[in-house]
Ligand SMILES: *[C@@H]1O[C@H](CO)[C@@H](O)[C@H](O)[C@H]1NC(C)=O
């Protein structure tokens, strides 16, 4: 607009200087022509201004319409669900705690569809929530799988690096921990204490040595749970040799997958032996290895104590 006004002014000045040397009549004619040109240009500018004003008015009208739409949407939402501000706040801090379904998430105000974590019966689960669906629609929730959530990592690998062992019905201690994440394995007592409720896996591999003998030599080992006698053994392994006149060795393996409560203890012990002992390291980093790890935590139980 400013540019247009400037152009008209420039045009007028030019015209005034240009008519200085003409006759009166010519000058008059020229002035009339100039006036007509100026009038036409002013008219054009005015129309342009009107058009831009009209455009602005339309824009404002559009904005007003949008605001009205939003306002009526809000009113409809409030009216339809009977949600007051206080209700909405309570829904965001539900008394039951963690959401257990897409329906729970929707009730708490989630509106965007996507993958969500919910609390399952024992573990955290991943679900797809199509939150455009109503709470009663069965396709609101699609189960994806278990989310492998542990409240702490628990795994160890312990070994006896050198000395032999032949005490009966005593937890076998270890002297080196290659890893002991979570600190559940106590090397000196030889006992693993489950820090969380869940499923655990344990494996022992070792070597039994047998002295030369005329009769049968044997070594029985057990993986024990919360007890101190042979009766509490979860699983046991037996190695034996007979009528041997030379020193013999045999490998021995025990393994088990167990459900443990927090505080349950697991360890290894020799049940009985005759003419035998548990071999030491022999300079090869130890032949007796005990490993275990938490496979799956019953996380909902961990949370409720
Ligand atoms: C292992 O257990 C013994 C006996 O209960 C205790 O004195 C020691 O501190 C424990 N070691 C670790 C690393 O927790």
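Numbering (mature numbering (1 follows the signal peptide of the UniProt record, and there is no 0)), first residue to last: -20 to -1, 1 to 285.
Even for Gly, the Cβ is constructed at its ideal location relative to N, Cα and C.
Since we're looking at a predicted model, the values are computed, not measured.
task = Helix, strand or coil for residue 206, going by three-state DSSP, please let me know.
result = coil
query = Candidates 232, 254 and 248: which alpha carbon is nearest residue 267's?
reply = 232
query = Mind checking residue 86: buried by the 16 CB within 10 Å criterion, or exposed?
reply = buried
query = CB-CB under 6 Å to residue 199, same chain, minus the five flanking residues each way: which ones, in chain order?
reply = 188, 219, 253 and 256
inquiry  = According to DSSP, simplified to helix, strand and coil, what is residue 183?
reply    = strand
message = So, at 6 Å on beta carbons, what are the nonlocal neighbours of residue 123 in its own chain, with the 5 sequence-adjacent residues on each side left out?
response = 107
query = Taking the continuous alpha helix (DSSP H) assigned at residue 279, which residues delimit it?
reply = 279 to 284
query = CB residue 202 to CB residue 251, shorter than 8 Å?
reply = yes
ask   = Among all residues, which have a Cβ less than 6 Å from at least one non-hydrogen atom of ligand 1, and in what chain order do they fall?
value = 166, 168 and 169
task = Please determine if the stretch 86 to 105 and the stretch 141 to 159 are in contact, where contact requires at least 3 C-beta pairs separated by less than 8 Å.
result = no
task = Just mark residue 295 as buried or exposed, buried being the case when its beta carbon has 16 or more other beta carbons within 10 Å.
result = Beyond the ends of the chain as shown, which are -20 and 285, falls residue 295; an answer cannot be given.
query = In terms of residues, what are the limits of the beta strand (DSSP E) holding residue 258?
reply = 256 to 258
message = So, under 8 Å CB-CB, residue 54 and residue 82 are touching, yes? Tell me the CB distance rounded to an integer number of Å.
response = Not really, about 24 Å apart at Cβ, beyond 8 Å.
query = Between which two residues does the beta strand (DSSP E) containing residue 234 stretch?
reply = 228 to 240
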